[in-house]
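Heads up: the sequence lines are chains A and B, in that order. Per my numbering, the first sequence starts with residue 37, numbered consecutively. Per my numbering, the second sequence starts with residue 37, numbered consecutively. Even for Gly, the Cβ is constructed at its ideal location relative to N, Cα and C. Single-structure report; data block below.
Number of protein chains: 2
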Amino acid sequence: MTKRKSAAISLPEVRNRLREAGLRCTPARVAAINCLFASPTPLSSGEIVEALEPAGFDKSTVYRTLSEFTECKIVFRLDLGDSMRHYELSDVGTHAHFKCRQCGEIQCLDDFSFEISPRKHKAVRLGSVNEVLLRGLCEACE
Amino acid sequence: MTKRKSAAISLPEVRNRLREAGLRCTPARVAAINCLFASPTPLSSGEIVEALEPAGFDKSTVYRTLSEFTECKIVFRLDLGDSMRHYELSDVGTHAHFKCRQCGEIQCLDDFSFEISPRKHKAVRLGSVNEVLLRGLCEACE
DNA sequence: ATCGCAAGTGCAACTGATTTGCAAATACCT
DNA sequence: AGGTATTTGCAAATCAGTTGCACTTGCGAT
């Protein structure tokens, strides 16, 4: 539930997560989970592909794996724009993200709270909001 | 400055906007502005391409036009994820957007206000935020 | 009004991210 | 260990968006 650095996750634990989600435990899936687990911020599909290809995993396998994970809710898929999808393990909990439109840096805003309130009452009706994304310039780029 | 339905914008007015931005007044640009003007919500590049191609405008021209408009700040480019860019005339003013991850519907949240506040004070440092995007399920899809 | 040329356009070919079809490989239940 | 439904790797396809280039056109100067 909390943010972790880069400690590895044990194979049996990964296996459990997969089996619980109804997925077979395969090397590609284990590698993908380890990859995501090791990163403090969401990774783009491209970054994950780059990380796993050297180990011999095909990019199509990686993309398929990420889709499966998303369906099974093992990971949460963020649409941060810029034609790229990002993924993070869903057990880190829901939080907003900030993306710098200049350098592309992504920050997880677990330390921020949001208040979203209708101003007039004509009330556009949103259903449920489960992703909050802020874009702008990070301190460095500003 | 306010939201409009689908009334057309006069040619001289479009011409003015373009000249003020330092752009020549060409049929493709006029068509693109009219297209954006007629829509109550941001349009994706694909939608604009589809709208203008039947009239004989090439998609590369449309993409180029949209980039120029973005540079000149005539339009604001939104990165709503889903591998697609959306555009709206910048004179509608800054406001947040909601996008349904199921049906893709986009809502402009000009009637909402946002409060974003650091919870702890360890303070992740954001620079300036100029786009707020919420994703989730709209009322219909929920 | 019309001329000249920089700016804008259409076309076709290219890129980069992602997807798909299919045959070979493999996880895992018995 | 064995059989089979699931996964995987590969190559080819797709899709949004971009680019190079020769042709056209808007518009300030004549």
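Distance between residue j and residue i (C-alpha atoms, nearest Å)
i: V111/B; j: E124/B; result: 5 Å
i: V85/B; j: C71/B; result: 10 Å
i: V128/B; j: A67/A; result: 46 Å
i: A87/B; j: P63/A; result: 46 Å
i: F73/A; j: K95/A; result: 19 Å
i: S126/B; j: S46/A; result: 51 Å
i: R60/B; j: L54/B; result: 6 Å
i: G172/A; j: E167/B; result: 6 Å
i: A44/B; j: L114/B; result: 23 Å
i: H122/B; j: F134/A; result: 19 Å
i: H157/B; j: A91/B; result: Below a pLDDT of 50, predicted positions are generally treated as unreliable, and H157/B, at 43, falls in that range; the measurement from the model is reported next regardless. Answer to the nearest angstrom: the Cα atoms are 55 Å apart.
i: R100/A; j: E104/B; result: 36 Å
i: G58/B; j: R65/B; result: 12 Å
i: F93/A; j: P48/B; result: 58 Å
CB contact check: residue i to chain B, cutoff 8 Å
i: V165/A; result: yes
i: E89/A; result: no
i: C174/A; result: yes
i: L162/A; result: yes
i: R171/A; result: yes
i: V98/A; result: no
i: C71/A; result: no
i: D128/A; result: Note on residue identity: the sequence assigns Val, not Asp, to residue 128/A. So, not an interface residue.
i: E179/A; result: Shown here, chain A extends from 37 to 178; a query on residue 179/A therefore has no answer.
Residue i vs residue j beta-carbon contact at 8 Å
i: A136/B; j: C108/B; result: Just to set this straight, residue 136/B is Cys in the shown sequence, not Ala. Taking 8 Å as the Cβ cut-off, C136/B and C108/B do not qualify as a contacting pair.
i: E83/A; j: G163/B; result: no
i: S81/A; j: L102/A; result: yes
i: H131/A; j: C144/A; result: yes
i: V50/B; j: I69/B; result: yes
i: L170/A; j: V165/B; result: yes
i: I142/A; j: P78/A; result: yes
Residue-chain proximity (residue i, chain A), Cβ-Cβ < 8 Å
i: F112/B; result: no
i: E104/B; result: no
i: C108/B; result: no
i: M86/B; result: Sequence inspection shows Glu at residue 86/B; the Met mentioned does not correspond to that position. Not an interface residue.
i: P63/B; result: no
Handout entry: Entirely enclosed alpha helix (DSSP H) segments - the stretch 55–130 of chain A, minimum 4 residues
Key = 63–74, 81–88 and 95–107
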